[in-house]
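In full-length UniProt numbering, the protein residues as written are 1 to 242.
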């Protein structure tokens, strides 16, 4: 047979069953999905709490196990790069680039709404910069209560946007739901690995195809971007533990 179904028995508990480091769980989940989205282009698209097991190996290493592999999104290289650049423009608070990459994804006039849908944040927070403004319960309530007010526009976007993003929007919402369960949504925990993956996705292919001097320039820009991320999250961790 050209197709083989394999099964495995795994022992573990749900993410909220065990007394584990919730920050570590959130970081690992962010790293896992960042790699699937921005590197591999093959994304498990149903990561609700019932499809996640958590355990520790004999060395005390925390493991996340994804269950139910019936729904996956397959992303093209071109889409992954565009999506990564859109996320970088959101993280950098660069509105011209937000519009540019939303347009490439099929949404031009209502790019701001698509940005809010991707980030799961209000437009006010997008304008202020989501990496410097933590998500509060008040903002979450404002975001959710505003959805019915833009239902027609949202449906239009869902009909016109690149269809590859549709399952990612669902996946993003489910991951934010898990962060809410863990109590890590307001701590920007999962943004760290995603930011690093975005930077790698944006620079790695041009680096492989560039000449020596162009490659050196790109390498320095990439390392500077990564350094800024490390410094920012270093201070975020200090603030959270203070």
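Idealized CB from N, CA, C, for every residue including glycine.
Please read these numbers as outputs of a predicted model, since none were measured by experiment.
C-beta atoms of residue i and residue j nearer than 8 angstroms
i, j, result
"residue 49", "residue 66", "no"
"residue 164", "residue 79", "yes"
"residue 220", "residue 207", "no"
"residue 19", "residue 197", "no"
"residue 168", "residue 15", "no"
"residue 153", "residue 110", "yes"
"residue 247", "residue 121", "No answer is possible for residue 247: the residues shown for the chain start at 1 and end at 242."
Burial state of residue i, where buried means 16 or more other Cβ atoms lie within 10 Å
i, result
"residue 40", "exposed"
"residue 228", "exposed"
"residue 136", "exposed"
"residue 155", "exposed"
"residue 8", "exposed"
"residue 138", "exposed"
"residue 99", "buried"
"residue 145", "exposed"
"residue 57", "exposed"
"residue 171", "buried"
"residue 178", "buried"
"residue 211", "exposed"
"residue 202", "buried"
Spatial neighbours of residue i in its chain, beta-carbon cut-off 6 angstroms, leaving aside the 5 residues before and after
i, result
"residue 30", "190, 193 and 194"
"residue 93", "129"
"residue 315", "Outside the modelled stretch of the chain, which goes from 1 to 242, sits residue 315, for which no answer is possible."
"residue 174", "47 and 48"
"residue 205", "none"
"residue 97", "89"
Close-in-space but distant-in-sequence residues of the same chain around residue i (CB under 8 angstroms, 5 per side omitted)
i, result
"residue 64", "25, 28, 29, 32, 52, 53 and 54"
"residue 76", "41 and 164"
"residue 199", "88, 222, 225, 226 and 229"
"residue 13", "53, 54 and 55"
"residue 270", "The structure shown does not extend to residue 270, since the chain spans only 1 to 242, so no value can be given for it."
Same chain only: Cβ atoms within 7 angstroms of residue i, ignoring 5 sequence neighbours per side
i, result
"residue 101", "82, 85, 86 and 89"
"residue 162", "79, 105 and 106"
"residue 112", "123"
"residue 119", "90, 126 and 130"
"residue 160", "106 and 107"
"residue 10", "53 and 65"
"residue 132", "none"
"residue 71", "45 and 46"
"residue 215", "207"
"residue 150", "113"
Bridge-paired residues (DSSP) for residue i
i, result
"residue 42", "74"
"residue 64", "54"
"residue 13", "54"
Rounded Cβ spacing between residue i and residue j (contact assumed at less than 8 angstroms)
i, j, result
"residue 181", "residue 23", "Not quite, the Cβ-Cβ distance comes to about 13 angstroms (not below 8 angstroms), so this is no contact."
"residue 95", "residue 69", "Actually they do not touch by this definition, with Cβ atoms about 38 angstroms apart."
"residue 147", "residue 114", "Contact flag wrong, Cβ pair sits at about 14 angstroms."
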